[in-house]
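Worksheet: the structure to be examined is printed underneath.
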Amino acid sequence: TVSERPQISTVGNKSHRQGDCPNLKRILSTKMLPLPLLFALGILARNHEAPQRPSIVQDALDKGENLYYFGLGSNMLRSKVENRGANGTKIDVISMEAAYVPGHRLAFNMRGFPPLEPGMGSLEPCSARSKPLVKYHSDECHGALILLTPENYEKIMKSEGVGNNVTNPGYEEVVVDAHPYDSPHQAVKAIALRARKHVRVQHDPAPSQRYMNILREGAAELDLKPCYKEFLEEHPTHKVPRWLRRLAVNNLIATFTIGRALKTRLVSRLQSFLLFLFYKPNAAPLQNWILNILSALVLLPGSLVGSSIRAYGSLTKTELPAMVSRIIKMMEETDFNSTTTATATTTTTTNGTTPAPTPAPTPSKR
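Residue 247 in my numbering sits at position 247 of the sequence shown, and the numbers go up by one each step.
Shown next as structure tokens:
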């Protein structure tokens with residue numbers, strides 16, 4: 001069975017319950033803003049307490065026991081998993097194999113940031129209300145069953161914005177029964193990530209071509225079922241004009257800088273809300289052109305600020321924060337409209353396949 005929606009913890013300090021925008025209290029309390037705008041800003045600025053972590057996770061962390069993690073998005077690609085550690089630290093994978101989870105689907109319903117990344121991967125129960133853009137023929141999700149030490153499991157979770165002492169996470173950990181391809185009748189308890197309600201959209205947007213390329217490469221590396229690989233190949237993707245992508249990248253620099261200075265994500269949340277108003281997957285060419293222009297108008301002020309920050313940094317030889325630099329490099333070097341993935345560095349055998357993982361102690365069965 002799947003712990004579909006872990007119980008929300010009532011434990012939390014006062015500042016978390018009040019929200020994560022203390023610097024905006026004066027703005028939100030002023031009578032200068034119209035009431036509807038105040039209401040919208042209040043909703044966007046609201047913080048959401050982290051859900052209680054599943055007992056299987058907390059027990060394993062306390063006892064130092066290995067954990068199974070089910071990766072369904074970019075974490076199907078081994079090189080992506082191994083390089084997700086903070087500050088360049090490597091994540092050691094004990095074992096990694098193909099598996100599937102019945103009663104669930106691959107969803108792209110975690111609210112992203114159009115036009116670059118409209119939606120990110122999430123494991124969604126097939127019985128949930130959210131609707132896929134394209135449905136796989138069976139009620140099951142295929143991906144990577146990854147065995148990790150507690151320390152490396154926490155590294156993965158931290159890279160996904162999940163874990164102890166994390167406020168306002170976008171994902172929640174759910175317990176699922178994962179069936180390895182090699183032994184489908186012997187399910188193991190694994191942890192997967194589901195988008196939380198406050199970032200979960202009701203209709204899946206089309207993922208970016210960049211993101212889908214990673215999924216397709218991961219599916220090929222795992223040698224998932226041909227029909228599932230075909231499903232990923234045929235899934236619609238969102239394509240972005242180069243000029244609009246450049247606006248969006250510069251805007252990201254501005255929103256990150258402003259967010260860090262004000263200690264709030266209100267600006268990026270407001271932008272995401274507006275950009276989703278002008279987002280429609282697989283729109284007709286003329287309609288898509290109009291929507292791109294409207295998106296550009298939303299991005300333009302932040303883009304001007306972001307380009308000014310970059311220019312100032314170049315003149316004064318000031319380095320941008322490491323995370324911002326990585327985002328810029330990834331966004332500018334990646335062709336978002338190409339169906340070819342820039343292959344990451346991986347260790348392979350002479351026949352081109354990923355080497356078999358080193359045998360390891362089996363985690364306790366729960």
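For glycine and all other residues, C-beta sits at the position ideal for the given N, C-alpha and C.
It should be emphasised that the depicted structure is a prediction, and the values quoted were computed from it without experimental measurement.
Judged by their CB atoms, Y171 and A195 are nearer to each other than the 8 Å cut-off. P115 carries a coil assignment under DSSP once its states are collapsed to helix, strand and coil.
Each of I91, V175, Y153 and N109 was checked against the Cα of S55, and the nearest Cα belongs to V175.
Rounded to the nearest angstrom, the gap between the Cα atoms of D182 and G306 is 50 Å. Counted as a single uninterrupted DSSP element, the alpha helix (DSSP H) harbouring Y153 occupies residues P150 to S159.
Contact check between the region 90-108 and the region 122-133: three or more CB pairs, one atom from each, fall below 8 Å, which counts as touching. Per DSSP, reduced to three states, the secondary structure at D62 is helical. In the displayed model, I293 falls within a helix according to three-state DSSP.
Per DSSP, G71 is one residue of the beta strand (DSSP E) stretching across L67 to G71.
In the same chain as G313, and ignoring 5 residues on each side of it, the C-beta atoms closer than 8 Å to its own belong to E319 and L320, in chain order. If you look at A261, you'll find it in the alpha helix (DSSP H) that goes R242 to L262. Between K280 and L291 the beta-carbon gap is near 6 Å, inside 8 Å, which marks them as a contact. When C-beta atoms of the region 108-125 are compared with those of the region 238-257, three or more pairs fall below 8 Å, so the two segments count as touching.
Apart from the 5 residues on each side of it in sequence, Y100 sits with its Cβ closer than 6 Å to the Cβ of E140, H142 and H179 in its chain, given in chain order.
CA-CA distance, L315 to D177, rounds to 55 Å. Distance from the CA of I146 to the CA of F70, rounded to the nearest whole angstrom, comes to 6 Å. Following the DSSP letters along the chain, one finds P226 in no beta strand (DSSP E) but inside the alpha helix (DSSP H) bounded by residues P226 to E234. Residue pairing from DSSP places V174 in a beta bridge opposite A192. Residues V267, S268, Q271 and G302 of the same chain have their beta carbon placed closer than 7 Å to that of T255, with the five preceding and five following residues left out of the count.
S95 is bridged by DSSP to L147.
Annotated as proximal: V249 and I328, with beta-carbon spacing under 8 Å. Just measuring C-alpha positions, the residue of A187, K197 and P150 sitting nearest P169 is K197.
In terms of CA proximity to Q202, E124 leads the group E124, N66 and A296. Taking the CA atoms as reference points, E65 sits about 10 Å from E151. Rounded to whole angstroms, V81 and N282 show a C-alpha spacing of 31 Å.
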